[in-house]
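Peer 1: I am attaching a structure below and will ask some questions about it afterwards.
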Amino acid sequence: MRRRAIASVLVLILLATASFAQKKDALDSEGHAWWQHAVFYEIYPRSFADSNNDGIGDLPGITSKLDYLRWLGVDAIWIAPMFPSPEVDWGYDVSDYFNVNPDYGTLADMDKLVATGKQRNIRVLLDFVLTYTSDQNPWFQESRSSRTNPKREWFIWRDGKDASQPEKTPPTNWTSLFGGSAWRFDAATGQWYYHYFYPPQPNLNWRNPEVEKAMFDVTRWWYKRGIAGFRLDAVDVMFVDSQFRDNPVVGTEKNALGDPVEREIYDKNQPELHGVLQRLRKVADENNAVLIGETWTSDIAQLKRYYGEHNDEVQMPMDFMFTTINKLSPPEFRHQIDWIEGSGEWPVWVLSNHDIRRVYDRYGDGQHNDQIAKLMASLYLTLRGTAVMYYGEEIGMEQNDPKRPEDVKDSQGRLGWPKEKGRDGERTPMQWTDSTNAGFSTVAPWLPVDDRYKTYNVESEKKDPESILNYYQKLLTLRHTNPALLEGKYIALNESDPNVLAFVRSYKGENVLVVLNMSSSGQTIKPELTQNAIAAKEGKTLLSSFNAREEMNTNEMTIPPFGAWIGELK
Ligand code: NOJ
Ligand code: CA
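In structure tokens, the structure reads:
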């Protein structure tokens, strides 16, 4: 009897703890949620760490590297799609949303990863490919089986435009991002289905409430397993025009894939997508989760829309406009920072990912790449907002494009070779040690390892105090502990300087000055502090990419080529 009573008390305690865990995380004194000060880190699972030596990265591999990520200062990982997939687009063609690709492990491995992450205070986010599925997904298999199948309306099916030759005339002129018409004729039922990306990636019909319900349930299912949120893939193409109007064609020139250039007004950015995001956010809020958006935009008004009018859509729409600045241009970075600062939103910074060329090469001049890597890190990791890193940038991994067409793994590279080599170059295996295959695997990895791995790898860089890796580690520590870097407002300085980007982060009388020389020559600047009502006699160096003195005269500072200096004003 007594035992039973004790057992029920224990159950009650367990239940109470579990429900406590479901409760909202506390906000900090400034009302900021955990993710606002977190550093996110994108992992491309195929290339991160291979635990069973089959040449393919996997979930146990990620789990084994959580201690490394904790040491580095990462608070949350976003894993690019790890669901079962025929791999037409390396995971972005999901055939089962409720499982793990056997190449990467099992659901039990995912549970272990989440639990181990929890012990180390690292949250796990997944990639939610919500706009389209794989053509091997049972939903699509059913949908294509007959015109009357209950899942027919889960995808976008239309008759050919011209009734006299329906199989030759796609319903609209919309083109696929990967080339050709965005419609594929399916002879079995004599209709076309819509795919914004590859033909084996049919778009879901989000106008159908059953689709919304099923997809929202996917997120609920993963939240129950302890997933802390999702990166939402390709949200801008979630809806197409309900009247199926043709896009206007611009000029007579063709694009790189040989298609007419269109103004994508009917196949992109339809207003209905915001309703879905609002409702998806509600589900996220109920689960204390965070949504990151793959939000490609061309101006701040578009980006602002993704936050939602009442901050009720995506908490973290990534600002990709920053990544389109492909040169070390203080005026352009300043403008971009001013845009988001002026919008009143919480910025989300990103320099690269699995679709964007590696930052090391994009900004590197071929001679000072290491300094430039530190410079760019010092820029985006000292700004107000949340940062999303891409695996390997912290060790200076470089772009490693395929050399021969037969080596290309990304369909984009296969279609576009030799002009377009695809995205393999930014997806090569993580470099852990200076031994065979950079310690990623004992067998040849699915993509070749960068030949600079003997120097650029975690183990060797950890030992070198001047390495890019140790710089990142110190920078992330600073970002997590310095109140001005955590909470401070952004104040732009010397705004007409074409070579040096300088700003202050200011919080309750504590000021951190960041000075970034983006030019290839030494620069002397007089930071406009008094003009901005900041009283300071000198600056105490917190971190610098050169041999700076402990105390710097902040009336006039000389910064070496591509040098970065971060200091506390006193
Ligand atoms: C966005 C993903 O980031 C990209 O890698 C993929 O190719 C497209 N979605 C299409 O699936
Ligand atoms: Ca493996």
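The sequence shown begins at 2 in the working numbering and counts up one residue at a time. We put the beta carbon where it would ideally sit given N, CA and C, even for glycine.
Pull up the distance between the alpha-carbon of residue 177 and that of residue 249, whole angstroms please.
Peer 2: Residue numbering aside, residue 177 sits at position 176 when the sequence shown is read from its first letter. Residue numbering aside, residue 249 sits at position 248 when the sequence shown is read from its first letter. The alpha-carbon atoms of residue 177 and residue 249 are separated by roughly 15 Å.
Peer 1: Which residues does DSSP list as the beta-bridge partners of residue 502?
Peer 2: In the sequence shown, the residue the question calls residue 502 occupies position 501. Answer is 517, bridged to residue 502.
Peer 1: Whole beta strand (DSSP E) runs in the region 176-210 with 3 or more residues, listed along the chain?
Peer 2: List check, beta strand (DSSP E) in window: 184-187 and 192-195.
Peer 1: Terminal residues of the continuous alpha helix (DSSP H) containing residue 528?
Peer 2: Position 527 of the sequence shown, counting from 1, holds the residue named residue 528. First-last for residue 528: undefined, no H or E at that position.
Peer 1: Please look up how many angstroms separate the CB atoms of residue 201 and residue 89, rounded, as I've assumed it's under 8 Å.
Peer 2: Taking the sequence shown and counting its residues from 1, one reaches residue 201 at position 200. Taking the sequence shown and counting its residues from 1, one reaches residue 89 at position 88. The pair is a contact, with the Cβ atoms about 5 Å apart (cut-off 8 Å).
Peer 1: In angstroms with no decimal places, state the Cα-to-Cα distance between residue 1 and residue 152.
Peer 2: Only positions 2 to 571 of the chain appear in the structure, and residue 1 is not among them; the question remains open.
Peer 1: Give the C-beta separation of residue 573 and residue 503 to the nearest angstrom, bearing in mind that I take them to be a contact with Cβ-Cβ under 8 Å.
Peer 2: Beyond the ends of the chain as shown, which are 2 and 571, falls residue 573; an answer cannot be given.
Peer 1: Determine the DSSP secondary structure at residue 490, reduced to helix, strand or coil.
Peer 2: The sequence position of residue 490 within the sequence shown is 489, counting from 1. Here residue 490 sits in strand by DSSP.
Peer 1: Determine the extent of the alpha helix (DSSP H) in which residue 459 is found, giving its start and end residues.
Peer 2: The residue given as residue 459 occupies position 458 in the sequence shown. 459-464 is the extent of the alpha helix (DSSP H) around residue 459.
Peer 1: Tell me which same chain residues have a C-beta within less than 6 Å of the C-beta of residue 19, skipping the five on either side of it?
Peer 2: Within the sequence shown, residue 19 is the residue found at index 18, counting from 1. Unreliable positioning characterises residue 19 in this predicted model, as indicated by a pLDDT of 46, which lies under 50. A coordinate reading is not provided.
Peer 1: DSSP three-state label for residue 101, please.
Peer 2: Taking the sequence shown and counting its residues from 1, the one referred to as residue 101 is at position 100. DSSP places residue 101 in coil when its eight states are reduced to three.
Peer 1: If you draw a straight line from the alpha carbon of residue 144 to that of residue 207, how long is it in whole angstroms?
Peer 2: Numbered from its first residue, the sequence shown carries residue 144 at position 143. Numbered from its first residue, the sequence shown carries residue 207 at position 206. Looking at the two C-alpha atoms, the distance is approximately 14 Å.
Peer 1: Over what stretch of residues does the alpha helix (DSSP H) that includes residue 427 continue unbroken?
Peer 2: Here the question's residue 427 lines up with position 426 in the sequence shown. Premise fails: residue 427 is in no alpha helix (DSSP H) and is neither H nor E.
Peer 1: Should residue 166 be counted as a contact of ligand 1 given a C-beta to heavy atom distance under 7 Å?
Peer 2: Here residue 166 is taken as the residue at index 165 of the sequence shown, counted from 1. Answer for residue 166: no, Cβ out of range of ligand 1.
Peer 1: Please report the straight-line C-alpha distance between residue 505 and residue 85, rounded to a whole angstrom.
Peer 2: For the purposes of this step, residue 505 is taken as residue 504 along the sequence shown, with counting starting at 1. For the purposes of this step, residue 85 is taken as residue 84 along the sequence shown, with counting starting at 1. Rounded to whole angstroms, residue 505 to residue 85 spans 47 Å at the Cα level.
Peer 1: Please return the same chain residues whose Cβ sits closer than 7 Å to the Cβ of residue 520, not counting the five positions on each side in sequence.
Peer 2: Sequence index remark: in the sequence shown, residue 520 carries index 519 (1-based). Around residue 520: 500 and 562.
Peer 1: Just checking residue 52 against ligand 2 - is the residue's beta carbon closer than 7 Å to any of the ligand's heavy atoms?
Peer 2: Here residue 52 refers to the residue found at position 51 when the sequence shown is read from its first residue. True, at least one ligand heavy atom lies under 7 Å from that Cβ.
Peer 1: Tell me whether residue 339 sits in a helix, a strand or coil according to DSSP, three-state version.
Peer 2: Position 338 of the sequence shown, counted from the start, is the residue given in the question as residue 339. Residue 339 falls in the helix class under three-state DSSP.
Peer 1: Let's test the definition: count the other Cβ atoms within 10 Å of the Cβ of residue 550 and tell me whether it reaches 16, buried, or not, exposed.
Peer 2: Counting from 1 along the sequence shown, the entry for residue 550 is found at position 549. Classification for residue 550: exposed.
Peer 1: What separation, rounded to the nearest whole angstrom, lies between the Cα atoms of residue 262 and residue 252?
Peer 2: Within the sequence shown, the letter at position 261 stands for residue 262. Within the sequence shown, the letter at position 251 stands for residue 252. If I take the Cα positions, the gap works out to 7 Å.
Peer 1: Starting from residue 566, follow the alpha helix (DSSP H) in both directions and report where the run begins and ends.
Peer 2: For the purposes of this step, residue 566 is taken as the residue at position 565 of the sequence shown. Not the alpha helix (DSSP H): residue 566 falls in the beta strand (DSSP E), residues 565-570.
Peer 1: Can you tell me whether residue 438 is helix, strand or coil according to DSSP?
Peer 2: Working through the sequence shown from its first residue, we reach residue 438 at position 437. Note: residue 438 maps to helix in three-state DSSP.
Peer 1: When the Cα atoms are used, what is the spatial distance from residue 246 to residue 157?
Peer 2: As a working note, residue 246 is residue 245 in the sequence shown. As a working note, residue 157 is residue 156 in the sequence shown. Roughly 14 Å separates the two Cα atoms.
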